[in-house]
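In what follows, a structure is listed as structure tokens, so that the remarks can point back to it.
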Amino acid sequence: MIASVVARPTAGPSSPADEYIPLRLNDRERALLCVLEGALSVSEYTDRVDSVMAWRGARTGRAVEELQEMLAYMTGLAVAASLKVSHEPCLEANADVFREAFEVGRRFKGMNPDKMRASYGKLIYMLQDATAPDVIRELGFDPLSRVQTVHAELALLSCLDLLEEPELPLAASPAHSAEAADAKAAATARLLARFADGDAERAVRLERCLLSLADHACLVEAHVSPVDTMLRLLRTHFSPASTSVGPGGAASASLQITAGRGGARLSHSHASQYAYVEQSLLLWRAVLACRAELRRAPRRAPAEVCRAVGGRCSRSCPACGLSPRRPSSLEA
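Once you know that position 175 of the sequence shown is 161 in my numbering, the rest is easy, because the numbers rise by one and skip nothing.
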């Protein structure tokens, strides 16, 4: 996967990443996101639960109490936001609303990595604990659901062929000029006319998929372009093997470093340091271009690795001996 991304400029809208690209939020989901963020801002879940990690016998009860309090906050905020929720005292009555709100939060973070910086970790810790069988039994429902993706939505619409359309890259790519924006709008209109079959609701859902693909393409471009700029500067101003003549025939500066000089802790020749810098940038570029796939990869560390570093590497690691979790289900 890494090699294929390094070989291509970016993970474009018709790349294998389509299966992992999150679906753009609609108006109801944005209201649910506000409910979730509001509840997370007042919840003290991690302060109260993780402070008693050593008390394994009492931790489950504390986690259930804090989760119930969090769900009560969400219920009140949902009522205040005029969202349709059940007013029954049983939290299980609103299980679908809670499940949808948690999925929306995870999906939103995938599309906006700069958002929810202070609250997303709390949300993931909360959901990891909530997937323990004894906690699910106490709550009366499982709060997890799969993150909605463009691929899944197109499958529901029986429109997966849309991903193979030659006009898709144009309809779901960043537009950097008025002419490009007009061409993009025209391509979008043609695709909607071809796949919507005159159904207005179907056209809205398909347009949402196209906009989601465009959002992803813009995000990848914003992340990858600075690394491409650094690679271009490296290859323009430095020669891979020689410090005397650069690629353009001009004198090339040396990247050689010596341990103890200028803060360097290692000694590298110019060629070694050039290769190190170039490979580091290429690896980082590949990671940024593959964000969608990497976010969905199972977060399960091998038991031998965990034990080699003394255990306790993660609250969700099965080798740590904590309560059973389903970390692979928190793939986004």
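The beta carbon of each residue, even a glycine, is placed where N, CA and C say it ideally should be.
Between the Cα of residue i and the Cα atoms of the options, which residue gives the shortest distance?
{"i": "glycine 246", "options": "His254, Ser240, Ala239", "result": "His254"}
{"i": "arginine 218", "options": "Tyr6, Leu109, Val263, Leu63", "result": "Val263"}
{"i": "arginine 282", "options": "Gly249, Thr135, Arg16", "result": "Thr135"}
{"i": "alanine 64", "options": "Leu19, Asp115, Tyr106, Leu269", "result": "Leu19"}
{"i": "histidine 256", "options": "Pro226, Gly248, Leu109", "result": "Pro226"}
{"i": "histidine 137", "options": "Arg103, Leu178, Leu148", "result": "Leu148"}
{"i": "tyrosine 6", "options": "Val121, Val133, Val35", "result": "Val133"}
{"i": "arginine 85", "options": "Arg103, Leu53, Leu241, Pro99", "result": "Leu53"}
{"i": "alanine 25", "options": "Leu11, Arg10, Ala58, Lys170", "result": "Ala58"}
{"i": "alanine 161", "options": "Glu124, Glu15, Ala200", "result": "Ala200"}
{"i": "serine 68", "options": "His209, Ala171, Arg14, Leu130", "result": "Arg14"}
{"i": "threonine 46", "options": "Pro212, Ala239, Asp115", "result": "Asp115"}
{"i": "leucine 11", "options": "Val210, Leu280, Ser198", "result": "Ser198"}
{"i": "alanine 239", "options": "Gly248, Leu220, Pro99", "result": "Leu220"}
{"i": "tyrosine 111", "options": "Glu124, Gly96, Arg92", "result": "Arg92"}
Look up residue i in the DSSP assignment and say whether it is helix, strand or coil.
{"i": "threonine 117", "result": "coil"}
{"i": "isoleucine 110", "result": "helix"}
{"i": "histidine 73", "result": "coil"}
{"i": "isoleucine 122", "result": "helix"}
{"i": "histidine 254", "result": "strand"}
{"i": "proline 152", "result": "coil"}
What separation, rounded to the nearest whole angstrom, lies between the Cα atoms of residue i and residue j?
{"i": "threonine 117", "j": "isoleucine 243", "result": "50 Å"}
{"i": "glycine 126", "j": "leucine 154", "result": "44 Å"}
{"i": "alanine 87", "j": "arginine 191", "result": "20 Å"}
{"i": "proline 119", "j": "glutamate 207", "result": "41 Å"}
{"i": "leucine 205", "j": "glutamate 74", "result": "42 Å"}
{"i": "alanine 173", "j": "arginine 180", "result": "11 Å"}
{"i": "leucine 268", "j": "threonine 215", "result": "12 Å"}
{"i": "alanine 278", "j": "arginine 251", "result": "35 Å"}
{"i": "cysteine 276", "j": "tryptophan 270", "result": "10 Å"}
{"i": "arginine 176", "j": "alanine 272", "result": "33 Å"}
{"i": "aspartate 128", "j": "leucine 241", "result": "55 Å"}
{"i": "glutamate 55", "j": "serine 105", "result": "16 Å"}
{"i": "glutamine 259", "j": "serine 266", "result": "10 Å"}
{"i": "arginine 311", "j": "histidine 223", "result": "At arginine 311 the pLDDT is 45, less than 50, meaning the model places this residue with poor confidence; the figure from the coordinates comes in the next sentence. C-alpha separation (whole angstroms): 51 Å."}
{"i": "glutamate 193", "j": "glycine 184", "result": "13 Å"}
{"i": "glutamate 165", "j": "glutamate 151", "result": "21 Å"}
{"i": "cysteine 145", "j": "alanine 157", "result": "16 Å"}
{"i": "histidine 61", "j": "valine 71", "result": "The displayed chain sequence assigns threonine, not histidine, to residue 61. Spanning the two alpha carbons is a distance of roughly 7 Å."}
{"i": "proline 288", "j": "glutamate 78", "result": "A caution first: proline 288 carries a pLDDT of 49, below 50, which makes its placement in the model too unreliable to give a value."}
Opposite residue i in the DSSP bridges: which residues?
{"i": "histidine 137", "result": "The partner list for histidine 137 (beta bridge, DSSP) is empty, contrary to what the question assumes."}
{"i": "proline 8", "result": "Thr135"}
**Request:** Taking only runs that begin and end inside the stretch 56 to 105, name each unbroken beta strand (DSSP E) of 3 or more residues, in chain order.
**Result:** Look at the stretch 56 to 105 and you find no whole run of beta strand (DSSP E) that is 3 residues long or longer.
**Request:** Scan the stretch 157 to 191 and note each continuous alpha helix (DSSP H) run of 4 residues or more that stays entirely inside, going in chain order.
**Result:** DSSP runs (the alpha helix (DSSP H)) wholly in the stretch 157 to 191: 164 to 181.
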